[in-house]
Each structure stands twice: as structure tokens, then as C-alpha cells.
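The sequence shown finishes on residue 269 if you use the numbering used here, and the numbering steps up by one all the way, no holes.
Note that the Cβ used here is the ideal one computed from N, Cα and C, for glycine as well.
Reading through the C-alpha cells given below for one structure.
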Amino acid sequence: MPPSYTHGHAESVLRSHRTRTAANSAAYLLPALRPGLSVLDVGAGPGSITADLARLVAPGRVVALETSEEVLVHTRAGVEASGVDGVEYLAGDIHALDVPDDSFDVVHAHQVLQHLADPVAALGEMLRVCRPGGVVAVRDADYAAFTWFPEADGIDRWLALYRDLARRNGGEPEAGRRLLGWALAAGADPTRVTATASVWCYADEESRAAWGVGWPSASCIRRWPNSCWPRGSPRHPSWRRSRTPGAPGRPLRTAGSRCCTASC
Ligand SMILES: C[S@@+](CC[C@H](N)C(=O)[O-])C[C@H]1O[C@@H](n2cnc3c(N)ncnc32)[C@H](O)[C@@H]1O
């Protein structure tokens, strides 16, 4: 049973994830793509990256995998809204993919491993279903590397709370720096793993506003269900001081994100 996915699939979260494109979130993978390749996109979320990948490999087969049929409703809606058809949808768990060995040329997961109980097992599965000579590609955030200016005490407290909560839910918010080690532990060939780093930068008016409004509404206590926070445990100190992690639209923040590709 997968641990609870901290962010959930509320509209505020999906809206933010829909801003992701292959260009702004999977640029490191693009040189490996060409028409006709098959792609498995694991943890596809609202499908904006999936749709871009499908365009880039058309007429190749593309499968979007999510944890349940309910979540796949959002994936399908996102892909179809972007005008791409022919994508297949599969419910499952990255820890135990119901996919034969050597099935795909490219196996991709964006911002998924950080949420998992066993990212090494997940990468092992991604390597298993990737055909020899194919590419496994993962990119994950590294929350401790997030920076912003001007300094904002409320956002500092939000970050401390988020990192605690993600770990209580069985995830690892500093996944970015661990991707290379996880890939090697999963059995990737050390001579064929490439580790790189990239950032999202929220510096213009529009992206600052989107981030500044999006995180507080995604982070409000109603959306982080009580079940995420162990019964009987004291509230995180941040909640005593403030329930509003930062003023909407104010802070300028960059998010450290790292990616790692493993050829197999
Ligand atoms: C942060 S979202 C990323 C969505 C998309 N890849 C993107 O970047 O926009 C993480 C996604 O991983 C999915 N996920 C979480 N645990 C999973 C698991 N065990 N197996 C497959 N997908 C999982 C969640 O449902 C969620 O949609």
C-alpha cells in the first residue's frame, strides 16, 4: 500500500502541476527522445508533461500510470485538453509495476520518487520495465535547496512544516540529492548514469503570483488531512505561530530540483 501522497489532487495542486511542460521539467531528457519511441510516464499527475512527451515520440506508444482510476481521470482530462490522443492509461503502483520486463524505450517519473516509501525498489521496477538500451529518467525536488528573497519568516516556517510532514508520510523531501545514490542502489550501471541539476525560477510577476497563491491554498490544514499527522502528537510549532505560510504573491522563490538519468 503506497503511503499517503502528501500533496493530494486538490485543484490548487493540479493547477500548479499543469504549468509543467517537457521543456521546463524534463529538458534533460529531450535529447534522448525521437519519433517512434515508447514511453511509460509513472505518476503522470494532470498529464501536461505526458502530453508533451507523447507529441515528441509520436507515433510511439505512450502509457500514463497513476495510483488509481480516480487520479487517472485528471490525467486523461489534462492530456485530452492539450489535444493529444492515443495515450494509454494504467492504474498501478510504481513499487510493483504490472508491466512485463523490457517493455518501454523510456521510463520517466517527474517529482514522484520523493513521495515513496521505497524509491530504490521503485527505480528497480523502472529499470526492469525499460528495454536494454533504453532510458530511465527521474527528476525530483530538493526542498532544503529552496531559496527565496526577500527573506520571509512565514515561508521558513512553512518549509520546516512541509519537510516534517513529508517524512511523516513516508517520503523524502530532499530526494534530489539522493537520486544518484538511489539509482546505483537500484542496480543502474554506474558507467551509464548521468546526474544533473536544474532549477525552476519563479521571478516574474505571473509565476510569483501563481506560486504565492498556490502553495498556501494547497497547504492549508484542511487539505493536509489529519491522517497525515499522527494522532496525539503535538502540533508542529509552526502552526502555533502562523497558519499562513507567506503572503500570497509576495515572495520570490527558486526551487532546487535535480534530475538523474540512467541508461540501461
Ligand atoms: C508531484 S505529482 C507529479 C505529477 C507529474 N509527474 C508532474 O510532474 O506534473 C506526483 C504524482 O505521483 C503519484 N504517485 C504517488 N505515489 C505513487 C505510486 N506509489 N505509484 C505511482 N504513482 C504515484 C501521485 O498520485 C502524483 O500524481
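- Query: Of the choices 178, 208 and 45, whose alpha-carbon is the least far from that of residue 122?
  - Reply: 178
- Taking residue 75 as the reference, give the member of 97, 203 and 68 with the closest Cα. 97
- Query: Exposed or buried, what is residue 194 when buried is set at 16 or more other beta-carbons lying within 10 Å of its beta-carbon?
  - Reply: exposed
- Please indicate yes or no: does the CB of residue 71 lie closer than 7 Å to some heavy atom of ligand 1? yes
- Whole-number beta carbon distance between residue 172 and residue 83, since they are thought to touch under 8 Å: So it is not a contact: roughly 29 Å between Cβ atoms.
- Message: Quick check on the DSSP output: the beta strand (DSSP E) that includes residue 148 runs from which residue to which?
- Response: Careful: residue 148 lies outside any beta strand (DSSP E) and carries neither H nor E.
- Task: Check whether the Cβ atoms of residue 53 and residue 144 sit closer than 8 Å, and answer yes or no.
- Result: no
- In three-state DSSP terms, what is residue 115? Residue state for residue 115 is assigned as strand, using DSSP reduced to three classes.
- Assign residue 240 to one of two classes, buried (16 or more other C-beta atoms within 10 Å of its C-beta) or exposed (fewer than that). Its pLDDT being 45, under 50, residue 240 is placed unreliably by the model, and nothing is read from it.
- Item | As assigned by DSSP and simplified to three states, the class of residue 93 | strand
- What do you reckon, are the CB atoms on residue 190 and residue 125 nearer than 8 Å? In this structure, residue 190 sits near residue 125, with a CB-CB distance shorter than 8 Å.
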